[in-house]
Amino acid sequence: QKEVEQDPGPLSVPEGAIVSLNCTYSNSAFQYFMWYRQYSRKGPELLMYTYSSGNKEDGRFTAQVDKSSKYISLFIRDSQPSDSATYLCALNTGGFKTIFGAGTRLFVKA
Amino acid sequence: DAGVIQSPRHEVTEMGQEVTLRCKPISGHNSLFWYRQTMMRGLELLIYFNNNVPIDDSGMPEDRFSAKMPNASFSTLKIQPSEPRDSAVYFCASSLLDSYEQYFGPGTRLTVT
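Residue numbers (this note's numbering), protein chains in the order written: chain W, 2 to 111; chain E, -4 to 108.
So this is what it looks like as structure tokens:
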């Protein structure tokens, strides 16, 4: 079993839709939860970062962590074509090593 | 700030040749990571440096891979000899010590024929 599972998609939605991206994980030691966005032929960039359980909101983006279910989510409200990218969840126990999900490819159609 | 700089951006080489990938981290960052990204395996950590010292190289696939960081502003990843299965995008990332925010370079797309 992989440490982090993420559906690779692709996920295609119309502009304005609410997007839900998810990851599940198996290691209960993960404490730091991140979402990176990767545009085509670019490096990943950090989008959201949360510590332990709970919600964090930043503009149109909301990150949720449910440690009891080992489930993390990223919600995008009012999705835009410019949100089309691959979204990778990333988890860390507190050390130097961050484990990345496989990434979900998102397409937002105008 | 120019961000993390990687060169070359694209490399096409024949099997058996030596390949050297280069990285300049963000000034002031003291942690440096080399990753490999493929469709099959996703983003994999190859090696991690802290203050120019290799801390963990357990992700380096084989002895054909080696990495150095002679100073705080330069690192190389070398593959010798290269094989077709090494074809991937190689990313360098840097961060401040004890920060989980990693800044990635644009990557080097390596194709070994």
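All C-beta atoms, glycine included, are put in the ideal place defined by N, C-alpha and C.
| Check | Outcome |
| --- | --- |
| is_contact[tyrosine 85 (chain E), chain W] using C-beta, thresh 8 Å | no |
| Lysine 3 (chain W) versus glycine 37 (chain E) - alpha carbon distance | 12 Å |
| Chain E contact residues for threonine 94 (chain W), given Cβ-Cβ distances below 9 Å | By Cβ distance, chain E contributes nothing, its closest Cβ being about 11 Å from threonine 94 (chain W), past 9 Å. |
| Contact list for the stretch 58 to 80 of chain W against chain E, Cβ threshold 7 Å | none |
| C-alpha gap between tyrosine 43 (chain E) and phenylalanine 99 (chain E), whole angstroms | 13 Å |
| Partners in chain E for phenylalanine 31 (chain W), counting only beta-carbon separations shorter than 7 Å | In chain order: nothing, as chain E lies at least about 11 Å away. |
| Span separating the alpha-carbon of isoleucine 19 (chain W) from that of phenylalanine 108 (chain W) | 12 Å |
| CB contact flag (alanine 67 (chain E), tyrosine 30 (chain E), <8 Å) | no |
| Assigned secondary structure, proline 3 (chain E) (DSSP; H/G/I helix, E/B strand, else coil) | coil |
| Residue nearest to arginine 106 (chain W) in terms of C-alpha spacing, selected from W:Leu89, W:Tyr52, W:Glu16 | W:Leu89 |
| Whole-number beta carbon distance between proline 76 (chain E) and glycine 11 (chain E), since they are thought to touch under 8 Å | 5 Å |
| Residue environment, glycine 102 (chain W), which counts as buried when at least 16 other CB atoms sit within 10 Å | buried |
| Members of the stretch 21 to 46 of chain W that neighbour chain E once the beta carbon cut-off is set at 9 Å | Tyr33, Met35, Tyr37, Gln39, Arg42, Lys43, Gly44, Pro45, Glu46 |
| Phenylalanine 60 (chain E): contacting residues in chain W (beta-carbon distance under 7 Å) | Per Cβ cutoff of 7 Å: no residues; phenylalanine 60 (chain E) is ~18 Å from chain W at best. |
| Extent of the continuous beta strand (DSSP E) run through leucine 91 (chain E) | Run containing leucine 91 (chain E): none; DSSP gives neither H nor E here. |
| Residue from W:Lys110, W:Ser53, W:Lys71 with nearest C-alpha to asparagine 23 (chain W) | W:Lys71 |
| Backbone CA spacing between glutamate 39 (chain E) and phenylalanine 28 (chain E) [nearest angstrom] | 10 Å |
| Whether serine 83 (chain W) touches valine 14 (chain W) by CB criterion (8 Å) | no |
| For glycine 102 (chain E) and arginine 42 (chain W), the rounded distance between their alpha carbons | 8 Å |
| Residue from E:Tyr95, E:His24, E:Thr33 with nearest C-alpha to leucine 105 (chain E) | E:Thr33 |
| Contact the stretch 29 to 38 of chain W vs the stretch 57 to 69 of chain W: 3+ CB pairs below 8 Å | yes |
| Beta carbon proximity, glycine 23 (chain E) to chain W, threshold 8 Å | no |
| For lysine 63 (chain E), the first and last residue of its enclosing beta strand (DSSP E) | 60 to 66 |
| Under 8 Å (Cβ pairs) to chain E, residues found in the stretch 97 to 110 of chain W | Phe97, Lys98, Thr99, Phe101, Gly102, Ala103, Gly104 |
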